[in-house]
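Just so we're aligned, residue 5 is where the sequence shown starts under the working numbering, counting upward by one. The C-beta atom is built at its ideal place from N, Cα and C for all residues, glycine as well. What you are looking at is a predicted structure, and each value in this text was computed from that prediction instead of being measured. In what follows, a single structure is set out as structure tokens and then discussed.
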Amino acid sequence: MTVSPFAGKPADSSMLVNVPRLVSAYYTEVPDPSVPAQRVAFGTSGHRGSAFDTSFNEWHVLAISQAICLYRQQKQIDGPLYLGMDTHALSVPAFASALEVLAANGVEVMISKGDEFTPTPVVSHAILTYNRGRTSGLADGIVITPSHNPPKDGGFKYNPPHGGPAESAVTVWIEAKANEFLENCLSGLKRISFENALRAPTTHRHDYLNAYIADLANVIDMDVIRNVQIRMGVDPLGGAGVHFWGPIADRYGLNLTVVNETVDPTFRFMTVDWDGQIRMDPSSPYAMQSLIGLKDRFEIAFACDTDHDRHGIVTRSEGLLPPNHYLSVAIFYLFQHRPEWRKEAAIGKTVVSSRMIDMVAAKLGRKLYEVPVGFKWFADGLRDGSLGFGGEESAGASFVRLDGSVWTTDKDGIVPALLAAEITARMGRDPGEIYRELTRKFGEPSYDRVDTPATPEQKELLAKLSPRQIKFTELAGEKIQTILTHAPGNGAPIGGVKVITENGWFAARPSGTENIYKIYGESFRGVDHLRSILKEAQTIVNNALTEEPRRRGLASNTYLEEKL
Numbered sequence: 005m006t007v008s009p010f011a012g013k014p015a016d017s018s019m020l021v022n023v024p025r026l027v028s029a030y031y032t033e034v035p036d037p038s039v040p041a042q043r044v045a046f047g048t049s050g051h052r053g054s055a056f057d058t059s060f061n062e063w064h065v066l067a068i069s070q071a072i073c074l075y076r077q078q079k080q081i082d083g084p085l086y087l088g089m090d091t092h093a094l095s096v097p098a099f100a101s102a103l104e105v106l107a108a109n110g111v112e113v114m115i116s117k118g119d120e121f122t123p124t125p126v127v128s129h130a131i132l133t134y135n136r137g138r139t140s141g142l143a144d145g146i147v148i149t150p151s152h153n154p155p156k157d158g159g160f161k162y163n164p165p166h167g168g169p170a171e172s173a174v175t176v177w178i179e180a181k182a183n184e185f186l187e188n189c190l191s192g193l194k195r196i197s198f199e200n201a202l203r204a205p206t207t208h209r210h211d212y213l214n215a216y217i218a219d220l221a222n223v224i225d226m227d228v229i230r231n232v233q234i235r236m237g238v239d240p241l242g243g244a245g246v247h248f249w250g251p252i253a254d255r256y257g258l259n260l261t262v263v264n265e266t267v268d269p270t271f272r273f274m275t276v277d278w279d280g281q282i283r284m285d286p287s288s289p290y291a292m293q294s295l296i297g298l299k300d301r302f303e304i305a306f307a308c309d310t311d312h313d314r315h316g317i318v319t320r321s322e323g324l325l326p327p328n329h330y331l332s333v334a335i336f337y338l339f340q341h342r343p344e345w346r347k348e349a350a351i352g353k354t355v356v357s358s359r360m361i362d363m364v365a366a367k368l369g370r371k372l373y374e375v376p377v378g379f380k381w382f383a384d385g386l387r388d389g390s391l392g393f394g395g396e397e398s399a400g401a402s403f404v405r406l407d408g409s410v411w412t413t414d415k416d417g418i419v420p421a422l423l424a425a426e427i428t429a430r431m432g433r434d435p436g437e438i439y440r441e442l443t444r445k446f447g448e449p450s451y452d453r454v455d456t457p458a459t460p461e462q463k464e465l466l467a468k469l470s471p472r473q474i475k476f477t478e479l480a481g482e483k484i485q486t487i488l489t490h491a492p493g494n495g496a497p498i499g500g501v502k503v504i505t506e507n508g509w510f511a512a513r514p515s516g517t518e519n520i521y522k523i524y525g526e527s528f529r530g531v532d533h534l535r536s537i538l539k540e541a542q543t544i545v546n547n548a549l550t551e552e553p554r555r556r557g558l559a560s561n562t563y564l565e566e567k568l
């Protein structure tokens, strides 16, 4: 991975997206469904793309919205639909397009009071709150966001009545139906004007902000944070929760400073990410330079991404904590300070998260529930209380309320951030200091991820790898103990492979949104051992990907061989 010379520096004006041109492209560029990159494609977090690339345009949003209306009819989902959006430039026009279709189809739509931006977890919270105790007339939701993606991107995701990300079976149906609309030039699609959609009797205003904030005391011990009066700083990174933090501080009497309240669709206030792009990623030390520079002003500081479903924790002791470090600390703390949680409540992690979590779970005597990448795999467990916590290595997590009942079934960046304050207030040590204590007990892991270019054909091969295609018996000097292509927790395909040794592992899987594959690796024997794992992992994956086409009599992948 080559780091850009601009990484960690303030964005230059030449890097800023031209918002008028971008919005114009949203309306004027029409996708060609015969071009794969211009079709509707749901990855792990909905459909994403850019109007400049004709991958996120008005037709995409209209088609997906109509497909969701048809899905709701088929499944008899006839409660309100909670519609939220983040602060990306394309989110406002996409919101208008979606509402035009939803209103034309007679869907009862809940839009934000005062046109406030709406974080992903707030929509999940609203769905679950409405559905509590109901068996019919259930609510669902749409969030218009490309998450922490660059400013030129747009995104659109659907949350069914369980409140979490839609399962693959749901998104495959919606995707196929949306592409049918594209192929038929939107024939059969219902739509009214935005002005009429806003005035429609089915369109209602909902106070997302106060409903969510008033409930926070049921998931976080706000009293201990207030009583200790620790100094906290938060950077919303110009995202959907920007106007939530002040009211949170006011309602609960917190010593919380919002260090940046700017909303600007160019995100010109960001420092540039590792690859020279503007990206609102709270887990990136390059994108988080501004808040890291303020760490000594606060006892704990935190940030969230653009739709506020990911967190970044900045401590005095360690600076920005890697996501795996904080997940380990959060789990270690929560399962010792939530006495009303079910004794059998398990700990949810993805197959590419740190083995430190496994060790913490064993120490706590809790079952580990290991699933493929994607927060959707945690939704049912969080909803029924069989999971106390679900977390991803990409800084996404949620957990149940103080009484063990469901909070959100989608990622929530706000509550893990506030939990960092609770931990610091109660323990008298910040999460960075507590992680150091964990490493003294269990050892210190080294963790990294490498991204490698891959064609769609290569990605498909990787997603379908079987253990028999891994011809190696050792990895970085250690005997290979286990080769996984299905997650131990739920038996679902991981969409790649995970290879495990005594002191390390790697996992390889294709990206759901980019033409790359990702290799994750971890070692408990240090950085040099990790480098060996990652280097040999690339060789193992390369051999598997080139051997299969040869076995089938196809051309081998010379491009990939050259890259490696």
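Three or more Cβ pairs closer than 8 Å define a contact, and the segment 455-463 meets that threshold against the segment 517-533. Counting other Cβ atoms within 10 Å of its Cβ, ASP219 stays below 16 and is therefore classed as exposed. Residue state for LEU549 is assigned as helix, using DSSP reduced to three classes. A check of alpha carbon separations from PRO155 across ALA512, GLY297, ASP90 and THR32 identifies ASP90 as the nearest. Following the DSSP letters along the chain, one finds PHE446 inside the alpha helix (DSSP H) bounded by residues 435-446.
Between GLY50 and TYR162, the CB-CB gap stays under 9 Å. Check the Cα spacing between GLY389 and each of GLY323, LEU406, GLU184 and GLU396: the tightest is with LEU406.
The beta-carbon separation of THR206 and GLU104, rounded to 12 Å, does not stay under the 8 Å limit for a contact. Taking a contact as a CB-CB distance under 8 Å, the pair THR412 and SER398 does not count as one, their CB atoms being some 17 Å apart.
Looking at the DSSP output, ARG209 shares a beta bridge with ILE115. For the set VAL176, ILE537, VAL126 and SER321, the Cα lying nearest the Cα of GLY432 is the one of SER321. The shortest CA-to-CA distance from VAL419 to any of GLN233, MET226, ARG138 and LEU202 is the one to MET226.
Of the residues GLY323, HIS152 and GLY447, the one whose Cα lies closest to the Cα of ILE361 is GLY447. For ASN163, the beta-bridge partners assigned by DSSP are GLY145. Here the C-alpha atom of PRO286 lies approximately 32 Å from the C-alpha atom of TRP177. A Cβ-Cβ separation of about 5 Å places ILE224 in contact with LEU422 under the 8 Å criterion. In the DSSP secondary-structure assignment, PHE393 is bridged to ILE351 and PHE403. In the same chain as LEU295, and ignoring 5 residues on each side of it, the C-beta atoms closer than 6 Å to its own belong to ASP239, ALA305, ALA307 and VAL318, in chain order. When C-alpha distances from GLY159 are compared across HIS208, ALA98, ASN546 and ALA143, the shortest belongs to ALA98. Note that the C-beta distance between GLY395 and ALA334 is below 9 Å. In the displayed model, CYS189 falls within coil according to three-state DSSP, outside both helix and strand.
Unbroken beta strand (DSSP E) stretches of 3 residues or longer found wholly inside the segment 295-332: 304-308 and 315-319, given in chain order.
For LEU94, there is no enclosing alpha helix (DSSP H), as DSSP gives it neither H nor E. For LYS483, the secondary structure class from DSSP, reduced to helix, strand or coil, is strand. Residue pairing by DSSP places ILE520 opposite PRO457 in a beta bridge.
Per DSSP, reduced to three states, the secondary structure at ILE81 is coil, with no helix or strand assignment.
Contact check between the segment 185-195 and the segment 127-143: fewer than three CB pairs, one atom from each, fall below 8 Å, which does not count as touching. DSSP places PHE46 within a strand segment (E or B) once states are collapsed to three. The alpha-carbon separation between MET274 and LYS299 amounts to approximately 17 Å. GLY110 sits in coil when the DSSP states are folded into three classes, being neither helix nor strand. When only Cα atoms are considered, LYS415 and GLY250 end up about 21 Å apart. Around the beta carbon of ARG52, 16 or more other beta carbons lie within 10 angstroms, which makes this residue buried. Around ARG255, the same chain offers ILE217 as residues with beta carbons nearer than 7 Å, after the five sequence neighbours per side are excluded. Secondary structure at ALA511: strand, using DSSP grouped into helix, strand and coil. By the beta-carbon neighbour count (other beta carbons within 10 angstroms, threshold 16), ASP119 is exposed. The three-state secondary structure of VAL410, taken from DSSP, is coil.
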